Amino acid sequence: MSVPEKVVSVATFSGRGIARFRGEGEALVTRQGISFFGGVDPKSGLVKEKGHELFGKDITGKVLVFPRGKGSTVGSYVIYQLKKSGHAPAAIINSETEAIIATGCILAEIPLVDRLGVDPTEAIATGDRVSVDGEAGIVRVEKGQRY
Amino acid sequence: MLLTGEEERMLSGAEGRAVGKGMQLIVALGEVFGAERLVRITSAQIAGVSYGNIGDAGLELLEDWASAGARVRVKATLNPAGMDLERWREMGVGEEYYGKQIRIIKAFERMGVETTCTCTPYLAGNLPSFGDHIAWSESSAVVYANSVLGARTNREGGPSALAAALTGRTPLYGLHLDEGRRATAIVEVGAELRSPHEFSLLGYAVGMRMGAGVPFFEGIKRAEVEDLKILSAALAASGGIGMFHMKGVTPEARFQDTAGLERILVSAQDLEKARERLSSHGEPDLACIGCPHCSVKELAEIARILEGRRVRAGKGLWVWTSRAAYDEAKRRGYVQAIEAAGGKVFADTCMVVCPLEASGFSHMVTNSCKAAHYVPSTSGMGASVRSLESAVSEVLEG
């Protein structure tokens with residue numbers, strides 16, 4: 309008798325590619341905005357904003373999904389510093405992005421896509437396998453796998 | 288977005304890696320904000336200079352771009368650094384901070400940026416003309432340039448202003464377009480504004496009330512440079528405002544059609560409320576004047592207040608200005624007068640972007656709402672706002 313295979317569903321979304329790079333990884337999803345300046349430790353990739361639902365989580369290598377950036381424009385430099393320290397996310401997906409995240413992703417060469425046509429914080433769950441093509445604006449989500 | 292052949296060339300990296308990266312950033316921001324094309328700029332003001340703000344990441348990026356041969360294509364000036372570049376020891380700044388701050392300044396210098404280190408570029412030789420498209424960061428200077436000079440800029444961040452300087456372009460949207468510059472509300476000023484400090488309270492109250500948009504001020508009879516710069520700073524600190532009009536004062540006010548706009552009345556009580564909101568408990572031990580940087584006229588006024596008086600033991604009076612105004616005030620004897628009375632005049636930096644907690648003081652009193660808005664979070668110190676004369680008197684003997 310063989311072990312039944314895990315059910316895997318695949319969904320593809322087409323959005324707006326802002327930072328035209330490619331990346332993939334395990335999704336880390338929050339419905340709260342993220343301020344990189346003061347909110348994420350640039351040396352470890354750990355979320356350090358008190359009271360944030362991702363508090364204590366490591367964003368290193370993850371496909372980070374959140375509605376939009378917030379806080380100081382210095383946040384762009386924190387994203388760049390995460391890249392230099394080896395703790396950058398593999399990609400970022402926003403509902404609707406803004407200048408702080410866009411600037412940081414361009415400087416750090418992290419793929420950034422927004423406007424998927426669906427709420428990405430609903431359509432993608434933490435743990436899903438996600439690949440992001442920032443050039444084409446395509447996001448591919450594999451559900452049901454465990455890593 | 289529509290790009291010219293020259294812009295495509297920059298984007299492709301054919302004009303160097305840093306220019307390519309700068310153009311990528313300009314194009315991406317243009318897409319985020321729905322710009323149809325880019326526009327040539329004549330001037331840039333670049334923020335993100337203080338080591339305390341941009342850290343090792345910022346330093347690394349700037350040195351990387353400078354080494355890649357990046358050079359500015361337009362007149363470009365710099366925001367305040369994290370310390371007085373000459374008298375940093377007197378501010379309590381340490382060796383490591385000093386070394387890294389100097390590397391940041393050198394990197395900008397290599398890229399051809401004038402290291403003016405002031406938030407008042409328009410008083411230090413970067414004075415765009417009416418109708419010029421420019422890319423300025425430093426929110427107070429953005430408001431001043433749009434409103435008082437009639438130049439056109441969005442509220443840029445440090446990297447986007449630098450990218451604009453390196454490419455000579457910025458995305459055409461928002462405050463670059465006539466639509467974005469139209470008044471969105473009438474602000475009827477029902478209080479007499481007797482000092483720059485009261486203009487600051489007005490700006491803070493209106494920024495809080497409106498959040499964003501373009502206020503049209505009515506009922507202000509006259510306003511001088513010092514009034515307009517401190518008003519600009521406060522509007523940008525409490526809200527996301529990038530421009531205002533002032534009837535009879537600013538150049539685009541007469542073109543505004545204000546019929547049917549929402550009317551906001553600001554009374555003397557509203558100004559008092561702004562003051563209360565910005566004042567925390569505690570006894571002030573450090574008076575800070577110069578947010579935005581003091582003009583020569585303000586340095587003269589501080590010297591006048593100090594005539595025959597002295598700063599009390601255990602208290603401090605720190606005055607912040609540009610190197611340009613400092614040199615002129617020194618020539619006229621104002622700097623010497625302030626320092627003989629026990630005060631200090633620092634250039635190149637300010638209370639908001641330096642490590643003010645290293646001063647050893649615990650509660651700042653200032654005439655600027657912007658300074659009182661930011662200093663508690665940047666330095667952990669308490670803050671209070673008063674008129675220039677009473678803020679200074681707070682730390683004097685007698």
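Going down the list, the sequences are from chains L and V. To convert, take the position in the first sequence, counting from 1, and add 308; that gives my numbering. To convert, take the position in the second sequence, counting from 1, and add 287; that gives my numbering. Using N, Cα and C, we set each Cβ at its ideal position, and we do this for glycine too. Because the structure is a prediction, the values reported are computed rather than measured.
Is the distance from the Cβ of L/P350 to the Cβ of V/A344 below 9 angstroms?
-> Between L/P350 and V/A344, the C-beta gap is smaller than 9 angstroms, which places the two residues in contact.
Under 7 angstroms Cβ-Cβ, which residues of chain V neighbour L/K392?
-> Chain V residues near L/K392: A344 and E347.
Between V/G494 and the rest of its own chain, which residues show a CB-CB distance below 6 angstroms, the 5 nearest in sequence each way excluded?
-> These residues qualify, in order along the chain: L522, S525, G526 and I528.
Residue(s) in a DSSP beta bridge with V/E401 | DSSP links V/E401 through a beta bridge to V/T364.
From the DSSP output, read off the bridge partner residues of L/A331.
-> The residue asked about is misnamed: residue 331 of chain L is Gly in this sequence, not Ala. Answer by DSSP bridge pairing, in chain order: L/V440.
Taking DSSP as the reference, what is the three-state secondary structure of V/E681?
-> It is coil, neither helix nor strand.
Apart from the five residues on each side of it in sequence, which residues of its chain come closer than 7 angstroms, Cβ to Cβ, to L/M309?
-> Note that L/M309 scores a pLDDT of 47, beneath 50, so its modelled location is shaky; the value from the coordinates is reported in the next line. Within the same chain, L/M309 has no close Cβ partners at all.
Reference V/N340, options L/V348, L/V386 and L/L362, closest by Cα = Out of L/V348, L/V386 and L/L362, L/V386 has the C-alpha closest to the C-alpha of V/N340.
Which full runs of the alpha helix (DSSP H) of 4+ residues lie inside the segment 554–580 of chain V, going along the chain?
-> Within the segment 554–580 of chain V, the complete alpha helix (DSSP H) runs of at least 4 residues are 555–564.
If you count every other CB in all the chains shown that lies within 10 Å of the CB of V/D614, and 16 or more means buried, which is it?
-> Flag for V/D614 reads exposed.
Determine the contact status of V/V400 and V/V359, defining contact as a CB-CB distance below 9 angstroms.
-> Yes; because the gap between Cβ atoms is below 9 angstroms, this pair is in contact.
Residues in its own chain within less than 6 angstroms of V/M310 by CB, not counting five upstream and five downstream?
-> These residues qualify, in order along the chain: M297, L298 and T454.
Endpoints, beta strand (DSSP E) assigned at V/H660 | Premise fails: V/H660 lies in the alpha helix (DSSP H), C656 to S666, not in any beta strand (DSSP E).
Where V/A659 meets chain L, residues with beta-carbon distance less than 8 angstroms | Taking the beta carbon of V/A659 as reference, no residue of chain L falls within 8 angstroms; the closest one sits roughly 18 angstroms away.
Quick one: is V/L552 buried, meaning 16 or more other Cβ sit within 10 Å of its Cβ, or exposed?
-> Flag for V/L552 reads exposed.
Going along chain V, which residues have a C-beta under 8 angstroms from L/L415?
-> Per Cβ cutoff of 8 angstroms: K308, L312, L348 and P446.
Would you report the Cα separation of L/L372 and L/L424, rounded to the nearest angstrom?
-> C-alpha separation (whole angstroms): 14 angstroms.
Going along chain V in order, which residues have a C-beta closer than 7 angstroms to the C-beta of L/A410?
-> What L/A410 touches in chain V: A315, L316 and V319.
Simplified DSSP assignment, three categories, for L/Q340 = If DSSP states are grouped into helix, strand and coil, L/Q340 belongs with coil.
Would you identify the three-state DSSP class for L/F363, choosing helix, strand or coil?
-> Taken through DSSP and simplified to helix, strand or coil, L/F363 comes out as coil.
Enumerate in chain order the residues of its own chain whose CB-to-CB distance from L/Y455 is below 8 angstroms, with the five nearest sequence positions on each side excluded.
-> Only weak support is given to the placement of L/Y455: the predicted model assigns it a pLDDT of 45, under 50, and the value that follows is read from those uncertain coordinates. Only E334, G435 and R437 meet the Cβ criterion.
Exposed or buried, V/L289, counting other C-beta atoms within 10 Å across all chains shown (16 or more means buried)?
-> By the Cβ neighbour-count rule, V/L289 is exposed, with fewer than 16 other Cβ atoms within 10 Å of its own.
Alpha-carbon spacing of V/A612 relative to V/S567, whole angstroms = CA-to-CA, the gap between V/A612 and V/S567 works out to about 31 angstroms.
Taking the C-alpha atoms as reference points, what is the distance between V/I517 and V/I589?
-> Computed Cα separation, rounded: 16 angstroms.
Coil, strand or helix - L/T405 by DSSP | DSSP places L/T405 in coil when its eight states are reduced to three.
Which term fits L/G445, buried or exposed, when burial requires 16 or more other beta carbons within 10 angstroms of its beta carbon?
-> Buried, by the Cβ-count rule.
Hey, V/I316 and L/A410 are a contact pair by Cβ (cut 8 angstroms); roughly how many whole angstroms apart?
-> Correcting the residue type first, residue 316 of chain V is Leu in the shown sequence and not Ile. Confirmed, about 6 angstroms.
Mind checking whether L/P428 and L/I408 have CB atoms under 9 angstroms apart?
-> By the CB criterion at 9 angstroms, L/P428 and L/I408 fall outside the cutoff.
Chain V beta carbons: is any one of them nearer than 9 angstroms to that of L/P350?
-> Taking CB atoms only, L/P350 has a neighbour in chain V less than 9 angstroms away.
If you run the structure through DSSP and keep just helix, strand and coil, what is V/M288?
-> DSSP places V/M288 outside both helix and strand once states are collapsed to three, so it counts as coil.
Verify the CB distance criterion: does L/T434 have a CB-CB separation below 9 angstroms to chain V?
-> Not an interface residue.
Grab the span of the alpha helix (DSSP H) containing L/A300 for me, first residue to last.
-> In the structure displayed, chain L extends from 309 to 455; residue 300 of chain L sits before or after that span and is not available.
Given V/V435, which residues of its chain have a CB within under 7 angstroms of its CB, disregarding the five upstream and five downstream residues?
-> The residues L515 and T537, in chain order, have a CB closer than 7 angstroms to that of V/V435 in the same chain once the five nearest residues on each side in sequence are set aside.
Proximity test, Cβ basis, 9 angstroms: V/N366 and chain L = So no, V/N366 is outside the interface.
9 angstroms Cβ cut-off: residues of chain L touching V/I341 | Going along chain L in sequence order, the residues near V/I341 (Cβ under 9 angstroms) are V382 and Y385.
With a cut-off of 9 angstroms, does the C-beta of L/I326 fall near any C-beta of chain V?
-> Put simply, the CB of L/I326 is near chain V, with a gap under 9 angstroms to one of its CB atoms.
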